[in-house]
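Below is one structure, written out as structure tokens, with a few remarks after it.
Residue numbers (my numbering): 2 to 87.
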């Protein structure tokens, strides 16, 4: 029984502080935020999304002008994000 206690005590003494150090280091890395590369990628994605939204608006305007019934029965509130059309 004392051998088991010695092994458990050794594991607690060695693994406990090691776990604490890695836990706090991991929290520090997560709290640091985005690195430069991730921030640049996020900016590129935002720019692409903005261009896509502008294109979708243009397509909707063209369709509204050429085929007013393209939205189906819901022509008064059929815009994206609940926008009124017209």
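Don't be surprised by glycine CBs; every beta carbon is placed ideally from N, CA and C.
These numbers come from a predicted model, not from an experiment.
Inter-residue CB distance, residue i and residue j (contact presumed, cutoff 8 Å)
i          : j          : result
residue 43 : residue 35 : 7 Å
Simplified DSSP assignment, three categories, for residue i
i          : result
residue 36 : coil
residue 17 : helix
residue 12 : helix
residue 27 : helix
residue 6  : helix
residue 48 : helix
residue 62 : helix
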